[in-house]
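K.L.:
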Amino acid sequence: MLFNLYKLEFKKIQWSILIFLILLDTIINASLGAMFMKSNSWYFPPSWSELYIQSLSFHALFFYPLYVGIITSLVCFYEHKNNAWKQLMCLPISKTNLYVAKFMFITTLLAITQLTFFIGYFITGWIIQPPGKLDVINYIIYGILGWLAMWPLVALQLWISQKIKNFGRSLLINIFLVLPNVVVATGFPSYIAAWFPFSLSYFAMYPQGSVLSPDFHPIFFWSIAFFTSILYFYIGLTYFINRNWN
Amino acid sequence: MMNNIIETHDLCCQFNRIKSVDKINIQIPEGAIYGFLGPNGAGKTTTLKMLLGLLNPSSGSIKIFGEKMPTNRISILREIGSLIESPSFYGHLSGYKNLKIFASIYGLPNSAIEDVLNIVELTPHANRPVKHYSFGMKQRLGIAIALIHKPKLLILDEPTNGLDPAGIQQIRDLIKRLPTLYNTTVLISSHLLSEVEQIATHVGIIHGGKMLFQDAFDVLRKQQTSYLIIDLEDPSKAYQSMQKTGWDITVNHTAISIRLDTPGQKTKIFECLKNFNIINVKEKHRSLEDIFLDWTGVKKEV
Ligand SMILES: Nc1ncnc2c1ncn2[C@@H]1O[C@H](COP(=O)(O)OP(=O)(O)OP(=O)(O)O)[C@@H](O)[C@H]1O
Ligand SMILES: [Mg+2]
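Going line by line, the protein sequences match chains L and A. Sequential numbering from 1 applies to the first sequence in our numbering. Sequential numbering from 247 applies to the second sequence in our numbering.
1) Could you spell out the range, first to last residue, of the beta strand (DSSP E) harbouring L:Leu204?
2) For A:Lys398, which option in A:Glu367, A:Lys512, A:Leu427, A:Ser380 has the closest C-alpha, if you only look at C-alpha atoms?
3) Return the CA-CA distance between A:Val548 and A:Gly454, expressed in angstroms with no decimal places.
4) At which residues does the beta strand (DSSP E) containing A:Glu313 begin and terminate?
5) Using a Cβ-Cβ distance under 8 angstroms, would L:Pro131 count as near chain A?
6) Ligand 2 and A:Asp403: does the residue's C-beta get closer than 7 angstroms to at least one heavy atom of that ligand?
7) Can you name the residues of chain L whose CB is closer than 7 angstroms to the CB of A:Ile330?
8) Is any non-hydrogen atom of ligand 2 found closer than 7 angstroms to the C-beta of A:Thr406, if you look at the structure I gave you?
9) To be precise: take each residue of the stretch 342-365 of chain A, compare its Cβ to all Cβ atoms of chain L, and keep it if any distance is under 9 angstroms. Which residues remain?
10) Roughly how many angstroms separate the alpha carbons of L:Ile93 and L:Asn82, rounded to a whole number?
11) With 8 angstroms as the C-beta to C-beta threshold (strictly closer), list the residues of the stretch 442-474 of chain A near chain L in chain order.
12) Pairing CB atoms from the stretch 297-314 of chain A with CB atoms from the stretch 248-258 of chain A, are three or more of them under 8 angstroms?
13) Just to confirm, are L:Phe221 and L:Ala185 a CB contact at a threshold of 8 angstroms?
14) Going by DSSP, what residue range makes up the beta strand (DSSP E) through A:Leu506?
15) From the beta carbon of A:Leu420, is the nearest beta carbon of chain L less than 8 angstroms away?
16) Would you say A:Asn407 lies against chain L (beta-carbon separation less than 8 angstroms)?
17) Going by C-alpha to C-alpha distance, which of L:Phe36, L:Phe58, L:Phe118 sits closest to L:Trp142?
18) Would you say A:Thr500 touches ligand 2, meaning its beta carbon is less than 7 angstroms from a heavy atom?
19) Please state whether DSSP places A:Tyr473 in a helix, a strand or coil.
20) Counting only beta-carbon separations shorter than 8 angstroms, does L:Pro46 have a partner in chain A?
21) Run through chain B and tell me which residues come within less than 9 angstroms of A:Asn373, C-beta to C-beta.
22) Establish whether the CB of A:Tyr485 and some CB of chain L are separated by less than 8 angstroms.
23) What residues in the stretch 373-387 of chain A have a beta carbon less than 7 angstroms from any beta carbon of chain L?
24) With a 10 Å radius around its C-beta and 16 neighbouring C-beta atoms as the bar for buried, classify L:Thr238 as buried or exposed.
25) Which residues of chain L have a Cβ atom closer than 9 angstroms to the Cβ of A:Ile391, listed in chain order?
26) In whole angstroms, what is the alpha-carbon distance linking A:Ile310 and A:Ile322?
27) How do the stretch 99-115 of chain L and the stretch 325-342 of chain A stand: do at least 3 beta-carbon pairs fall below 8 angstroms, yes or no?
28) A:Ile320 CB to nearest chain L CB: under 8 angstroms?
29) Could you give the DSSP three-state label for A:Met383: helix, strand or coil?
30) Check A:Gln444 in the structure and name its three-state DSSP category.
31) A:Ile524 and A:Leu478: beta carbons closer than 8 angstroms?
32) Please compile the residues from chain L whose C-beta is within a distance smaller than 9 angstroms of the C-beta of A:Gly299.
33) If you reduce the DSSP assignment to three classes, tell me which class A:Lys489 lands in.
34) Helix or strand or just coil, what does DSSP make of A:Pro425?
35) Which complete alpha helix (DSSP H) runs does the stretch 99-182 of chain L hold, if anything under 4 residues is left out?
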């Protein structure tokens, strides 16, 4: 039943919007990465890892957390429009399964976004051929960690998105919340910033050991991430199960 | 003895301290077409939403198919088809794809989709996106969604809203056929007595959140009565003499009004009144509509 509901989400989503968003993120960040690597080449010699750091910043600080919000709103949007929640809730399906299916679907879309971002990075690198070695395994790990680091935000957004019916308003709120990320993620140590769920993928994806690396404490960081995921998911699910559908 | 498909006990629903539904006890026997009748804001939709588990009752209990709602929510909902207020679906998908989503949740084959499209006569429009449907077509699709799994209980909230006369007739015929077709019990809400009168076997009248009447429709029909209003020179004297002989009678300063149980009673009444000066005689029929309007406190304009 859970898998059935998960499959249904694929049928409902408007793929054209989603593909546009994913390509937008990939192309902008790959181009910015190439551009910044070139313009900063005087301070930071070009390399595969330099290209990664330059591409990553905008993706992890801005696009990826913003997309969590957009994708979550989009996944709830079809139910908000035309009041399809009401119809769905009259079906013999478990509310928990429905909620989990939505959560799984959102994380799936975010995995696709992350994968496409890395494909964009590899293709850009392949075109400009920066010096140095490409450590693919490392990047796969960054990709997965950056994706996992967004789970608390997914849980938070899914809680919020079932309340906000208007897609435009939800988009505005998200942009508004993502903007301080630049300050939070780059200015605070990870054990403080991790409480602000928009900032997590930046910490998880930024390679350690460079001059500009964020102040990162893995144990604290991942504990907070785990704890807040569970907390937001639990609150969101409880609300979802007990709420009225008008 | 027939089983009750739906039974509620002192069901209440409260929004911001205002009771929208107040101690409702619904009993719907199996195979009935139950007309849930009430003016705007009476609490019909709120009650139906509680039955379906969309709203949490503030107190009271619900049993459907003998099982407790919402404790056995999923197994109860498996046997219910519903359309509450305006129909809801995914506007960017075609009618067929919308039905496909519901069919796959119920685990039904594609033939079920085609069958139900035929029933509501949407087959020619099955592949158009629903957002391009007319209002009536959306309503039909909503009914199709409610019927796709041949439910044991169908709950429809003002289903003929916005349909043209032909569409209304068609839905009415369909609803009348359902009890024999799929052995479906139907609960249908309406603010029009005339609509309920044409299809319902049972009726519940709700007003201001309270149930005013609930029984077989024929019992309601028996409440219809005729009155003979007789203008007289001296109505109070006539009143006194008639009252002694056991008539159901009322009086004002120009006329008496006598309840008629059979038309044949008229001659007897005239016989009794032969010693009085009759000025005028009128017969007034108190129709179901009048009764409904009396009960729901909306006075008909004279
Ligand atoms: N979500 C809500 N919040 C506050 N009050 C509500 C809410 N939903 C319904 N009500 C109130 O409850 C009462 C009953 O509303 P309901 O929708 O059940 O009426 P109805 O019988 O379906 O009327 P109609 O024929 O207009 O559809 C109304 O007074 C309405 O204002
Ligand atoms: Mg209503």
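Positions of the beta carbon are idealized from the N, C-alpha and C atoms, including for glycine. Given the structure is predicted, the values throughout are model-derived calculations rather than measurements.
P.N.:
Considering the structure as presented:
1) Counting from 1 along the first sequence, the entry for residue 204 of chain L is found at position 204. The sequence given here places Ala at residue 204 of chain L; Leu does not occur at that position. No beta strand (DSSP E) contains L:Ala204, which is instead part of the alpha helix (DSSP H) from 200-205.
2) On the second sequence, residue 398 of chain A is found 152 positions in, with the first residue counted as 1. A:Lys398 has its Cα closest to that of A:Leu427, out of A:Glu367, A:Lys512, A:Leu427, A:Ser380.
3) Residue mapping note: residue 548 of chain A aligns to position 302 of the second sequence, counting from 1. Residue mapping note: residue 454 of chain A aligns to position 208 of the second sequence, counting from 1. Because A:Val548 carries a pLDDT of 40, less than 50, the predicted location of this residue cannot be relied on, and the following value inherits that uncertainty. Cα to Cα, A:Val548 sits roughly 24 angstroms from A:Gly454.
4) Position 67 of the second sequence, counted from the start, is the residue given in the question as residue 313 of chain A. It spans 313-315 - the beta strand (DSSP E) in which A:Glu313 sits, taken as one unbroken run.
5) Taking the first sequence and counting its residues from 1, one reaches residue 131 of chain L at position 131. L:Pro131 does not count as touching chain A.
6) Residue numbering aside, residue 403 of chain A sits at position 157 when the second sequence is read from its first letter. It does: the Cβ of A:Asp403 is within 7 angstroms (strictly closer) of some heavy atom of ligand 2.
7) Position 84 of the second sequence, counted from the first residue, corresponds to residue 330 of chain A. Neighbours of A:Ile330 on chain L, chain order: Lys86.
8) Within the second sequence, numbered from 1, the residue matching residue 406 of chain A stands at position 160. Because no heavy atom of ligand 2 lies under 7 angstroms away, the Cβ of A:Thr406 does not count as near it: no.
9) Lys343, Lys346, Ile347, Phe348, Ser350, Ile351, Tyr352, Gly353
10) One-based indexing of the first sequence puts residue 93 of chain L at position 93. One-based indexing of the first sequence puts residue 82 of chain L at position 82. Distance between the alpha carbons of L:Ile93 and L:Asn82 is about 20 angstroms.
11) none
12) yes
13) Within the first sequence, numbered from 1, the residue matching residue 221 of chain L stands at position 221. Within the first sequence, numbered from 1, the residue matching residue 185 of chain L stands at position 185. Result no, Cβ atoms of L:Phe221 and L:Ala185 do not sit closer than 8 angstroms.
14) The residue labelled residue 506 of chain A in the question sits at position 260 within the second sequence. That run of the beta strand (DSSP E) goes 501-506.
15) As a first step, residue 420 of chain A must be located in the second sequence, where it is residue number 174. No, no contact with chain L.
16) Counted from its first residue, the second sequence places residue 407 of chain A at position 161. Taking Cβ atoms only, chain L never reaches closer than 8 angstroms to A:Asn407, which makes this a no.
17) Along the first sequence, read from residue 1 onward, the residue named residue 142 of chain L stands at position 142. Note on identity: in this sequence residue 142 of chain L is Tyr, with Trp being the wrong assignment. Ranking the options by Cα distance to L:Tyr142, first place goes to L:Phe118.
18) In the second sequence, residue 500 of chain A corresponds to position 254, counting from 1. Result no, Cβ not under 7 angstroms from ligand 2.
19) As a working mapping, residue 473 of chain A is identified with position 227 in the second sequence. In this structure, A:Tyr473 counts as strand in the three-state DSSP scheme.
20) The residue given as residue 46 of chain L occupies position 46 in the first sequence. Taking Cβ atoms only, chain A never reaches closer than 8 angstroms to L:Pro46, which makes this a no.
21) Looking at the structure shown, chain B is missing, and the protein chains on hand are L and A.
22) What you label residue 485 of chain A is simply residue 239 of the second sequence in a count that begins at 1. No, because no Cβ of chain L sits closer than 8 angstroms to the Cβ of A:Tyr485.
23) none
24) To locate residue 238 of chain L, count along the first sequence from 1; it is residue 238. With fewer than 16 other Cβ atoms within 10 Å, it is exposed.
25) Sequence index remark: in the second sequence, residue 391 of chain A carries index 145 (1-based). Within 9 angstroms Cβ-Cβ: Gln87.
26) Within the second sequence, the letter at position 64 stands for residue 310 of chain A. Within the second sequence, the letter at position 76 stands for residue 322 of chain A. The straight-line gap from Cα to Cα measures roughly 7 angstroms.
27) no
28) Locating residue 320 of chain A in the second sequence gives position 74, counting from the first residue. Interface residue, yes.
29) Here residue 383 of chain A corresponds to residue number 137 of the second sequence, with the count starting at 1. A:Met383: helix per DSSP, three-state reduction.
30) If you number the second sequence from 1, residue 444 of chain A lands on position 198. A:Gln444: helix per DSSP, three-state reduction.
31) Here residue 524 of chain A corresponds to residue number 278 of the second sequence, with the count starting at 1. Here residue 478 of chain A corresponds to residue number 232 of the second sequence, with the count starting at 1. Contact: yes.
32) Here residue 299 of chain A corresponds to residue number 53 of the second sequence, with the count starting at 1. Those are Met89, Cys90, Trp245, listed as they occur along chain L.
33) Translated into the one-based positions of the second sequence, residue 489 of chain A becomes position 243. Checking the displayed sequence, the identity of residue 489 of chain A turns out to be Gln instead of Lys. The answer is helix: DSSP assigns A:Gln489 an H, G or I state.
34) Taking the second sequence and counting its residues from 1, the one referred to as residue 425 of chain A is at position 179. A:Pro425: helix per DSSP, three-state reduction.
35) 136-148, 151-161, 167-178
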